[in-house]
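A.B. asks: For reference, the structure I am asking about is given below.
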Amino acid sequence: MCVCVCVCVYIYIYLFKVIRFKLCAFTNESVSALTTLLHLLFWSYFSLEEVIEQADYLYGSGETEKLYRLLVQHKNSEDAELLWRLARASRDLAQLSITSAEEKRQLAYDSLEYAKRALEKNEANSAAHKWYAICLSDVGDYEGIKVKIGNAFVIKEHFERAFELNPKDATSVHLMGVWCYSFAELPWYQRKIAAMLFATPPTSTYEEALRYFHMAEEADPNFYSKNLLFLGKTYLKLNNKKMALLWLSKAKDYPAHTEEDKQVGS
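Mapped onto our numbering, the consecutive letters of the sequence shown carry residue numbers 4 to 269.
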């Protein structure tokens, strides 16, 4: 099945490039409409399981735009596994430098909606909880500091639930570390806002963040460039320059497979 899917994906990519070349004399609108039709016709022959398999292949290959085009055609799906992948793909597309500011904002809200629907379809899906928390945090960047801090407890609850459902998922543990790090370094004026919003505002320490980052690394060594980066940054905050240099060097030397990896290594 996997070989078949890979062959089909390569055929699809080849046909896509050929048609784009042949239609170069047409308007952008015409090309866009025809290529969208190609996507619909090609992928409509695959079952849900095959679409997910194709999506995982494209994700592993770093084909962010193709992955999004594949999954967004199934945005009305009732399947949690497909919906959280669409949430992730939408967010990944928003992270690309070629995506405009307006598109980034729309994709942030779209990704949250997809993750929310994934949770509604299957509350016991670890990845749905994880991506709902990530996307909720992203949307908070557009809605101001009060909303962002107000969402903090909800975000933490979903990260904890994701970890509870899948203790082997290093990413969920890493994100708990990021949550702790963010509140450990919260500026004084944001702490005042948090104190006004909650009787007991969210707080954390760099020591707690460090513990989560190490737990993530133990669960899956060298799994994520940003975990290496945050280990280095946290050690810097704790004035341990020797350990900070060790982890920051690892982050810099990490193979760049994604846009995030490139940013970390730069």
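Built from N, CA and C at the ideal position, the CB exists for glycine as well.
Count the other CB atoms within 10 Å of the CB of Lys133; is the residue buried (16 or more) or exposed (fewer)?
C.D. replies: It is buried - the Cβ of Lys133 has at least 16 other Cβ atoms within 10 Å.
A.B. asks: When the Cα atoms are used, what is the spatial distance from Phe162 to Lys245?
C.D. replies: Looking at the two C-alpha atoms, the distance is approximately 30 Å.
A.B. asks: Would the beta-carbon of Ala212 fall within 8 Å of that of Pro204?
C.D. replies: Not in contact: Ala212 and Pro204 (Cβ atoms no closer than 8 Å).
A.B. asks: Gly153: which of Arg164, Phe186 and Asp82 sits nearest, CA to CA?
C.D. replies: Checked all of Arg164, Phe186 and Asp82; the closest Cα to Gly153 is Phe186.
A.B. asks: Enumerated in chain order, which unbroken segments of the alpha helix (DSSP H) with a length of 4 residues or greater are wholly contained in the region 140-210?
C.D. replies: With a minimum length of 4 residues, the continuous alpha helix (DSSP H) runs that stay inside the region 140-210 are 148-153, 155-168, 173-187 and 191-200.
A.B. asks: On the criterion of 16 or more Cβ atoms from any shown chain inside 10 Å, does His260 qualify as buried, or is it exposed?
C.D. replies: By the neighbour-count rule (16 or more Cβ atoms within 10 Å), His260 is not buried but exposed.
A.B. asks: Around the C-beta of Lys236, are 16 or more other C-beta atoms found within 10 angstroms, so that it is buried, or is it exposed?
C.D. replies: Counting Cβ neighbours within 10 Å, Lys236 comes out buried, since at least 16 surround it.
A.B. asks: According to DSSP, simplified to helix, strand and coil, what is Ser93?
C.D. replies: Three-state result, Ser93: helix.
A.B. asks: Across the region 140-150 and the region 116-125, are there enough close Cβ pairs to call them in contact, namely three or more that are closer than 8 Å?
C.D. replies: Contact between the region 140-150 and the region 116-125 is absent, because fewer than three Cβ pairs lie under 8 Å.
A.B. asks: Could you tell me the boundaries of the alpha helix (DSSP H) in which Thr237 lies?
C.D. replies: Segment Ser228 to Lys240, the alpha helix (DSSP H) holding Thr237.
A.B. asks: Could you compute how far the alpha carbon of Val34 sits from the alpha carbon of Asn79?
C.D. replies: Below a pLDDT of 50, predicted positions are generally treated as unreliable, and Val34, at 49, falls in that range; no measurement from the model is reported.
A.B. asks: Using the C-alpha atoms, what's the distance from Val157 back to Leu200?
C.D. replies: Taking the straight line joining both Cα atoms gives about 14 Å.
A.B. asks: With the cut-off set at 8 Å, would you say Ala83 and Ala131 are in Cβ contact?
C.D. replies: Cβ distance < 8 Å, so Ala83 and Ala131 count as in contact.
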